[in-house]
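With our numbering applied, the sequence shown covers 163 to 490.
Cβ atoms here follow ideal geometry from the backbone N, Cα and C, with glycine treated the same way.
Please read all numbers here as calculations on a predicted model, not as lab measurements.
To start, the structure under review is shown below, and the notes come after it.
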Amino acid sequence: MHNFTRNDLAKSSSAVSGHIGVDTCLVLQYHRVASLCFDPLQLAVEPYHFEKQIEYLAQNYNVISIDEMKYHLETSEPFREGTVVITFDGGYTDVLYTAKEVLERFGVFATVFASSANIIEGEQLWWHELEDFLIANQFEGQLKLEIDCRLCKWPLVTQLDRFRAHDDLYSILSDKTPSEQRTIIEQITGSLDLQAEELDHHRTMKVQELRKLSEGGSITIGGHTHNYVKLSSLPIWQQIEEISKNKDILEEVLGHNIKYFSYPFGNDNSYTEETISILQDIGYSLACGNSYGTVSLTGQTNLYELPRVKVGNWNSFTFYRFLKRFFD
């Protein structure tokens, strides 16, 4: 996951020297296709904007599958000029019920990286619980939590209070293990006298939905850890468990080998050199991060640290200008 900022459009001009030719391709990262009342992490692209973005890509660029990208990287066969790969992180239901129809209508491929605990256990992802408890909820007062043996307090009176509490706790929980995250979330529900519930607009796919998503051949499923956790926050044995359990469950659900992986919170400090070794040992052939840039055939790209660029909730003209910085 990567929080989109206003600087991301500007970054593209400095991250890429010249236009993308036959030696490189651009990997795009999406999370959600939905219209949300609150989207503090800026994960969603509204359906209308998404449709226009995909239409523009289909008409003006060479959108290939992740399998085809891997072939080019392994053989050094040049890409066609203007080559793009589309990816989604998280496995949200709106990818199945909204994005898939658009992708198929315009004849383009995509890869969806899915965690597995929520698929099997049906639990809501913790950052959406945080959003619902602290931003959408109308509780007024003070939030008191014990974190790392310290009593931490946040006022929850104004909208600004809620935003600050959300951002602070998001940063704290991102570096915790799954059990530590659950403990803090349970403290929040107790402190605010709330009942955790799964909201449909935040729901991730269940087993049958993931199978349905993979039907038709236009969408590839990849791994994303079992609990959607920052791997660098875990000891090596737990990293192995998170990665291998996720791979095993996805392969059992789908009935075929899972070859590709995406690091949750995929910036450079969200995984380690040991993480890459684990991926290689258990049979992953490439992995995507969130380092800003393009995939290169010239030896500058590590197959287990493929850069991606996050797409924002942009209209067609803004999307055109964004891509133009890479391709012109």
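For residue j and residue i, believed in contact at Cβ under 8 Å, the rounded distance
i	j	result
PHE275	ASP251	5 Å
GLY451	LEU468	7 Å
VAL319	VAL369	About 43 Å separates the two Cβ atoms, so there is no contact after all.
LEU307	GLN343	With a Cβ gap of about 12 Å, LEU307 and GLN343 do not count as contacting.
ASN246	LEU219	The question names Asn, yet the displayed sequence has Val at residue 246. The pair is a contact, with the Cβ atoms about 6 Å apart (cut-off 8 Å).
ILE131	LEU441	The question about residue 131 has no answer here: the residues shown for the chain are numbered 163 through 490.
ARG310	PRO317	Correcting the residue identity first, residue 310 is Asp in this sequence and not Arg. With a Cβ gap of about 21 Å, ASP310 and PRO317 do not count as contacting.
ARG470	GLN191	4 Å
TYR254	THR366	5 Å
LEU335	TRP288	6 Å
ILE228	PHE268	That pair is no contact at about 17 Å.
HIS328	PRO202	6 Å
CB contact flag (residue i, residue j, <9 Å)
i	j	result
GLY474	TYR422	no
PHE479	LEU188	no
VAL207	VAL195	yes
LEU292	LEU305	no
HIS234	LEU459	yes
SER394	TYR433	yes
ALA491	TYR425	Within the shown structure, residues of the chain are numbered from 163 to 490, placing residue 491 beyond reach of any answer.
GLU214	PHE481	According to the sequence provided, residue 214 is Lys. The question's Glu does not apply to it. For LYS214 and PHE481, yes; Cβs fall inside 9 Å.
THR339	GLN400	yes
THR186	THR456	yes
ILE438	LYS409	no
SER341	GLU266	no
Cutoff 9 Å: residue i Cβ touching any chain D Cβ
i	result
PRO340	Looking for chain D here will not work: only one protein chain is present.
Cross-strand partners of residue i (DSSP beta bridge)
i	result
TYR422	LEU448
TYR192	PHE250
CYS314	LEU307
THR273	THR249 and THR382
THR186	SER458
ASN224	THR245
LEU235	Per DSSP, none; premise fails for LEU235.
LEU468	CYS450
Where residue i falls: helix, strand or coil (DSSP)
i	result
GLU302	coil
ARG267	helix
LEU153	As displayed, the chain neither begins before 163 nor continues past 490, which places residue 153 out of reach and without an answer.
PHE241	coil
LEU416	helix
VAL207	strand
ASN280	helix
THR366	strand
GLY384	strand
SER179	Low confidence applies here, because SER179 scores a pLDDT of 36, under 50, leaving its location unreliable; read the following figure in that light. Three-state result, SER179: coil.
LEU322	helix
THR480	helix
GLY474	coil
LEU171	In this prediction, LEU171 has a pLDDT of 41, which is less than 50 and means its spatial position is unreliable; what the coordinates show is noted afterwards. The answer is helix: DSSP assigns LEU171 an H, G or I state.
GLU285	coil
PRO123	Past the edges of the chain, shown from 163 to 490, lies residue 123, and the structure says nothing about it.
ASP355	coil
VAL524	No information on residue 524 is available, as it lies outside the stretch 163 to 490 that the chain covers here.
GLU404	helix
GLU230	helix
TYR218	helix
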